[in-house]
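Visitor:
Numbering (the working numbering), first residue to last: 139 to 422.
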């Protein structure tokens, strides 16, 4: 017999947690609670898998490479002869991926009071969630669903293909030319990593400065200094992206740029819209 979600009786829990990033920090005093932990993506959330932890592990070798290239001004004779990108990538994710998998295994089989549910959750009532056909309910629900990359509506972008911070650090090879659309902290950090390790980086930003949300003097000084390392195209708005024989062409009103790989880093937006939160009376 086929039973629809509307006919099901929801599974009862004491607490539902949506998101296994910060939401996975379940204190020991809840050991006697029956808890459902819902995750729609890789276990451990953004910070562990494709955010602050791996990015800082890439920043370390990039810092070393930049130091080797600039140490002459300190009277030290060093050279930078290139980076072994696959080795750097393996060092990072060879550590991170097992942590993520171990966390998933622990919650799946090593936490007697926690039920790990894989899938996208959406409210169907004030205290009830539908996880891809599985109904669950609890008096307390913790939303720790995180955020995702904002994708600007640039003609040709989706058809051409691009990277976000979700995928850029897992590239199989270091690109000769990397284009970055955006000028916030993710764009700046990845610009530092790839330019430091040897890529020719072009940053296209609609603002006249990088890190616009930061202190005005810091933003201005960072833009000035970073412009000595990468090609900054400030005040430029992409109007089209397309794949051509030479690579990926980014067209702005002021000109064209061709790169091998493209990173879109134009901000992040909360995942609350995926949860159908208005049904639960939650305002975002």
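Where is the CB? At the ideal position from N, CA and C, for every residue including glycine.
1) Relative to the C-alpha of residue 335, which residue among 229, 158, 199 is closest?
2) Check whether the segment 219-234 touches the segment 144-157, counting contact only when three or more Cβ pairs, one atom from each stretch, lie closer than 8 Å.
3) Please work out which residues of its chain come closer than 6 Å, Cβ to Cβ, to residue 153, disregarding the five sequence neighbours upstream and downstream, and give them in chain order.
4) Is it buried or exposed, residue 274, if we count other Cβ atoms within 10 angstroms and call 16 or more buried?
5) What is the DSSP secondary structure of residue 389, counted as helix, strand or coil?
6) Are the segment 374-390 and the segment 287-303 in contact at 8 Å, needing three or more beta carbon pairs?
7) Are there 16 or more other CB atoms within 10 angstroms of the CB of residue 320, so buried, or fewer, so exposed?
8) For the beta strand (DSSP E) containing residue 377, list its first residue and its last residue.
9) Could you spell out the range, first to last residue, of the beta strand (DSSP E) harbouring residue 343?
10) Specify whether the segment 362-372 and the segment 250-270 touch according to this definition: at least 3 beta carbon pairs, one from each stretch, less than 8 Å apart.
11) To which residues of the same chain is residue 300 closer than 6 Å at the C-beta, ignoring the five residues directly before and after it?
12) Between the C-alpha atoms of residue 239 and residue 175, what's the straight-line distance to the nearest angstrom?
13) Can you tell me where the alpha helix (DSSP H) holding residue 295 begins and where it ends?
14) So for residue 347, helix, strand or coil by DSSP?
15) Please list, in chain order, all residues of the same chain as residue 405 whose beta carbon is under 8 Å from its beta carbon, the five residues on each side excluded.
16) I need the straight-line Cα distance from residue 385 to residue 220, nearest angstrom please.
17) Using a threshold of 9 Å, state whether the C-beta atoms of residue 263 and residue 418 are closer than that.
18) Considering Cα atoms alone, identify which of 393, 326, 338 is closest to residue 360.
19) Determine the direct distance from the alpha carbon of residue 164 to that of residue 413, and round the result to whole angstroms.
20) Does the beta-carbon of residue 168 have 16 or more other beta-carbons within 10 angstroms, so that it is buried, or is it exposed?
21) Around the Cβ of residue 140, are there at least 16 other Cβ atoms within 10 angstroms (buried) or fewer (exposed)?
Guide: Taking the definition as stated:
1) Translated into positions along the chain shown, residue 335 becomes position 197. When each option's Cα is compared against that of residue 335, the closest is 199.
2) no
3) Taking the first residue of the chain shown as position 1, residue 153 is located at position 15. Same-chain partners within the cutoff: 171, 173, 276, 278.
4) Stepping through the chain shown from its first residue, residue 274 is reached at position 136. Under this definition residue 274 is a buried residue.
5) Here residue 389 refers to the residue found at position 251 of the chain shown. It is a strand residue.
6) yes
7) Translated into positions along the chain shown, residue 320 becomes position 182. Residue 320 is buried by the Cβ-count criterion.
8) For the purposes of this step, residue 377 is taken as the residue at position 239 of the chain shown. Note, residue 377: beta strand (DSSP E), 376-382.
9) For the purposes of this step, residue 343 is taken as the residue at position 205 of the chain shown. That run of the beta strand (DSSP E) goes 338-343.
10) no
11) Translated into positions along the chain shown, residue 300 becomes position 162. Taken in chain order, the residues that qualify are 400, 402.
12) Here residue 239 refers to the residue found at position 101 of the chain shown. Here residue 175 refers to the residue found at position 37 of the chain shown. Roughly 15 Å separates the two Cα atoms.
13) The residue given as residue 295 occupies position 157 in the chain shown. Residue 295 -> alpha helix (DSSP H) spans 295-298.
14) Translated into positions along the chain shown, residue 347 becomes position 209. Here residue 347 sits in coil by DSSP.
15) The residue given as residue 405 occupies position 267 in the chain shown. Within the same chain, residue 405 has close Cβ partners 287, 288, 320, 322.
16) The residue given as residue 385 occupies position 247 in the chain shown. The residue given as residue 220 occupies position 82 in the chain shown. Going by the C-alpha atoms only, they are around 22 Å apart.
17) The residue labelled residue 263 in the question sits at position 125 within the chain shown. The residue labelled residue 418 in the question sits at position 280 within the chain shown. Yes, they are a contact pair.
18) As a position in the chain shown, residue 360 is number 222, starting the count at 1. Considering only alpha carbons, the answer is 326.
19) For the purposes of this step, residue 413 is identified with residue 275 of the chain shown, where counting begins at 1. For the purposes of this step, residue 164 is identified with residue 26 of the chain shown, where counting begins at 1. For residue 413 and residue 164, the distance between alpha carbons rounds to 21 Å.
20) Numbered from 1 along the chain shown, position 30 holds the residue referred to as residue 168. Exposed, because fewer than 16 other Cβ atoms sit within 10 Å of the Cβ of residue 168.
21) Position 2 of the chain shown, counting from 1, holds the residue named residue 140. Low per-residue confidence applies at residue 140: pLDDT is 32, beneath 50, and the placement is therefore not dependable, though the value from the model is reported in the following sentence. Per the 10 Å Cβ criterion, exposed.
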